[in-house]
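> Going by our numbering, the first residue of the sequence shown is number 3, and it counts up by one from there.
We treat Cβ as the ideally placed atom computed from N, Cα and C, and that holds for glycine.
Keep in mind it's a predicted model, so treat the numbers as computed, not measured.
Mind looking over this structure? Questions follow.
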Amino acid sequence: MKSPKLIIKKVKKHGHDGHHGGAWKVAYADFVTAMMAFFLLLWLLSMVSPEKRVRLAAHFKSFTIFEKSGTSMVMDEAGGVVGTEGGKFGKIESEYEKGVADVMSPEDLKSKLKREIETKLSDVKDHVLVDIFQGGVRIQLVDLEGSPMFPLASSELTPKAKKILEVITGNIKDLDNKIAIEGHTDALNYASNNYTNWELSTERASAARKELERNGLDSNNLSKVAGYAATDPLIKDNPADPRNRRISIILLYPDGDGHIEKKQILKNPL
3 MKSPKLIIKK
13 VKKHGHDGHH
23 GGAWKVAYAD
33 FVTAMMAFFL
43 LLWLLSMVSP
53 EKRVRLAAHF
63 KSFTIFEKSG
73 TSMVMDEAGG
83 VVGTEGGKFG
93 KIESEYEKGV
103 ADVMSPEDLK
113 SKLKREIETK
123 LSDVKDHVLV
133 DIFQGGVRIQ
143 LVDLEGSPMF
153 PLASSELTPK
163 AKKILEVITG
173 NIKDLDNKIA
183 IEGHTDALNY
193 ASNNYTNWEL
203 STERASAARK
213 ELERNGLDSN
223 NLSKVAGYAA
233 TDPLIKDNPA
243 DPRNRRISII
253 LLYPDGDGHI
263 EKKQILKNPL
């Protein structure tokens with residue numbers, strides 16, 4: 003009797019890497035991580051003010067790993083960026099800052115002006131009032147008891163008034179707002195009818211205009227220069243208060259929605 007034929011069956015096991023493997027999972031995880039980092043970056047940028055984004059762009063525009071020393075980004079006390087090139091410090095001024103059309107809210111402009119007044123005009127800061135009203139941002143130079151912006155019955159600016167106007171001009175001359183300049187006096191009248199508070203307030207407003215233009219303000223941005231005598235007192239319950247003698251510089255909203263725009267168009271947006 004013949005012995006049964008022995009049959010050996012070889013089973014070849016196939017791996018499941020093609021469908022259930024881990025390579026695609028690693029690639030997918032990298033993609034999700036990159037997307038998460040991208041959206042986190044967008045969120046962080048949305049929390050940064052436009053001015054700081056411009057400064058940040060200026061830093062990365064000038065930074066290079068191929069030079070011995072690029073431009074580093076260091077914040078100064080006022081929140082600006084100070085660059086260092088070859089060991090020398092200087093304010094970063096890029097194409098972004100030269101050709102930027104930044105949009106500044108009234109609150110931002112008011113805060114900026116207050117910072118400048120605190121740092122550059124600390125000795126005369128009580129003479130400067132900044133407030134927001136429905137039609138714009140108003141900067142007022144007021145007299146104080148024994149410390150006037152103009153000598154009595156004169157339209158000649160005092161040195162402290164010129165100093166204040168110089169700082170103010172530096173902060174508003176690059177804005178595209180129309181600007182109104184108003185002169186105001188107290189209610190004390192002159193003995194002569196030939197020269198009144200109307201003439202005095204108008205001449206003082208014009209003197210402030212000339213000083214602003216001398217400091218670099220574009221005269222094309224002016225919409226009105228006028229004197230109001232004592233008709234619009236700051237201290238209404240005391241028309242003789244020295245603070246009623248003041249110059250008002252009003253920045254009007256050009257677009258009607260509460261934003262103040264700089265002159266030039268953004269050529270290199272972030």
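How about I237 and Q142: do their beta carbons lie closer than 8 Å?
no
> Got a sec? Which residues, its chain only, sit under 8 Å from V132 by beta carbon, not counting five neighbours each side?
K112, L115, K116, I119, V139, R140, I141 and Q142.
> So, helix, strand or coil for G138, using DSSP?
strand
> Pull up the distance between the alpha-carbon of L146 and that of S208, whole angstroms please.
21 Å
> As a quick exercise: from L253, L159 and E184, pick the residue whose alpha carbon is nearest that of D176.
If we check each option's Cα against that of D176, L253 comes out closest.
> Assign E109 to buried or exposed, taking buried as 16 or more other Cβ atoms, counted over all protein chains shown, within 10 Å of its Cβ.
exposed
> Measuring CA to CA, which of A232, D125, N195 and T160 is closest to T204?
A232
> Please list, in chain order, all residues of the same chain as W45 whose beta carbon is under 7 Å from its beta carbon, the five residues on each side excluded.
none
> Based on the DSSP output, what are the partners of A182 in its beta bridges?
A182 pairs with K226 and I252.
> Look at N273 and L167 and say whether their C-beta atoms are less than 8 Å apart.
Here the chain has residues from 3 to 272 only, and residue 273 is not among them.
> With distances taken between CB atoms, is the gap from N223 to I181 smaller than 8 Å?
yes
> Suppose the cutoff is 8 Å on Cβ atoms and the five residues either side in sequence are ignored; what does the same chain contact list for L159 look like?
Listed in chain order, the non-local C-beta contacts of L159 below 8 Å within the same chain comprise M151, F152, L167, A209, A210 and E213, local neighbours out to five positions each way being set aside.
> Hey, could you find the ends of the alpha helix (DSSP H) V28 is sitting in?
A25 to S48
> State yes or no: is the C-beta of A228 within less than 8 Å of the C-beta of A189?
Annotated as distal: A228 and A189, with beta-carbon spacing of 8 Å or more.
> Tell me, please, which residues DSSP counts as bridged to V144.
R248
> Using 10 angstroms around the beta-carbon of A163, count the other beta-carbons present and answer buried if the total reaches 16, otherwise exposed.
buried
> DSSP three-state label for D110, please.
helix
> Helix, strand or coil: how does DSSP classify V132 here?
strand
> Between the C-alpha atoms of I170 and W200, what's the straight-line distance to the nearest angstrom?
25 Å
> List the endpoints of the continuous alpha helix (DSSP H) containing L202.
Judged by DSSP secondary structure, L202 falls within the alpha helix (DSSP H) whose first and last residues are N199 to R216.
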